[in-house]
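Below is one structure, written out as structure tokens; comments come after it.
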Amino acid sequence: MEKVHKLKFGFAAKRVVEQDEGITTFFENLRPFRLVTIKYPYHGKLVRRKPDLRLDLFNRSQLQPALVVETSYAQPEEDMKAKLKEYIDCTNGEILTAVGCNLDYPAAQGIRVTVLRAQFNDGGIYTGASEETLEIRTAEGSVGPVSEALNLSLYDLGLPFPKTNTDLLQEPRLLVSTNELCHWVDRAVEREEAADAAAAASLTLGNK
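Taken in order, the sequence shown gives residues 0 to 207; the numbers are from numbering that gives the first Met the number 0.
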């Protein structure tokens, strides 16, 4: 949760346009939630999914979050992409953006980020999802040449699409560098290992 807020304010700070009341209001209405159930129809049944993170825009008319994030260990890439696509397809694009972070198990050396974005025709009808996958770090621990691990626009998070190409070129973007993402993953692995060690030590003491 703390990381999401840091991302949000870092995102706002990177704006290249003048202070805009609409964008300020947008940030005030953007809220992150962890492990909150999402419901939608899938093959004739109501399914429930719990993404690791969801971002909701409170003044948005849609019931679904604008963005979801899934993290997995050593999941086949096609399975990860299918899960992300399900979020967008089954909500007809109400979930605008689905982000997946796939880590190698157990050391999480390899890191791959996949982003799917809802696509619409001129009439606003959902037509499918675009897909982008980047290898951030190899299984051997070599960081890839890509400088940005994640690059999202305000429109990926639910802000209405700009009317002109000029606005699109000037839009602010949420940028997470490759080094930042690697650092966050490494810190998370360290915390998990420390927690496992503490639990094992506690169990050993309890058995004495």
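No residue lacks a Cβ here, since even glycine has one placed at the ideal position from N, Cα and C.
Item to check | Residues that DSSP places opposite Val142 in a beta bridge | outcome: Under DSSP, Val142 shares a beta bridge with Arg136.
Checklist entry - If you count every other CB in all the chains shown that lies within 10 Å of the CB of Gly99, and 16 or more means buried, which is it? => result Gly99 should be labelled buried.
Checklist entry - By a C-beta neighbour count over all protein chains shown, 10 Å radius and 16 as the cutoff for buried, is Leu168 buried or exposed? => result Because the pLDDT of Leu168 is 48, which lies under 50, any placement of that residue in the model is unreliable, and the number read from its coordinates should be weighed accordingly. A residue is called buried once 16 or more other Cβ atoms fall within 10 Å of its Cβ, and Leu168, having fewer, is exposed.
Next on the checklist: Does the segment 136-147 come into contact with the segment 185-195, if we say contact requires no fewer than three beta-carbon pairs (one atom in each stretch) closer than 8 Å?
Outcome noted: As far as the Cβ criterion goes, the segment 136-147 does not touch the segment 185-195, which means the pair count is below three.
Next on the checklist: Below 8 Å, how does it come out for the segment 73-83 and the segment 32-47: are there three or more Cβ pairs, yes or no?
Outcome noted: The segment 73-83 and the segment 32-47 do not touch, with fewer than 3 CB-CB distances between them shorter than 8 Å.
Item to check | Ile87 - DSSP class collapsed to helix/strand/coil | outcome: The DSSP-derived three-state label of Ile87 is helix.
Checklist entry - Using DSSP with H/G/I as helix, E/B as strand and the rest coil, what is Ala65? => result Ala65: coil per DSSP, three-state reduction.
Item to check | Test item: CB-CB of Leu174 and Glu131 under 7 Å | outcome: Cβ atoms of Leu174 and Glu131: not closer than 7 Å.
Checklist entry - Does the Cβ of Arg190 have 16 or more other Cβ atoms within 10 Å, making it buried, or fewer, making it exposed? => result Looking at its Cβ environment, which holds fewer than 16 other Cβ atoms inside 10 Å, Arg190 is exposed.
Checklist entry - Does the Cβ-Cβ distance between Val112 and Leu133 come in under 7 Å? => result Yes, they are a contact pair.
Next on the checklist: Beta-carbon within less than 8 Å of Ala197's beta-carbon, same chain only, minus the 5 sequence neighbours each way: which residues are those?
Outcome noted: So the list is empty, once near-sequence residues are dropped.
Checklist entry - Is Tyr125 near Cys89, with beta carbons less than 7 Å apart? => result In this structure, Cys89 does not lie closer than 7 Å to Tyr125 by Cβ.
Checklist entry - Would you call Ser92 buried or exposed, if buried means 16 or more other Cβ atoms sit within 10 Å of its Cβ? => result According to the sequence shown, residue 92 is Gly rather than Ser. Counting Cβ neighbours within 10 Å, Gly92 comes out buried, since at least 16 surround it.
Next on the checklist: Using DSSP's beta-bridge definition, name the partner residues of Gly127.
Outcome noted: Beta-bridge pairing links Gly127 to Gln118.
Checklist entry - Thinking just about the alpha-carbon of each residue, which of Tyr154, Tyr72 and Glu179 is nearest to the one in Phe119? => result Nearest C-alpha to Phe119: Tyr154.
Checklist entry - What are the residues that DSSP puts in a beta bridge with Val112? => result Paired residues: Cys100 and Leu133.
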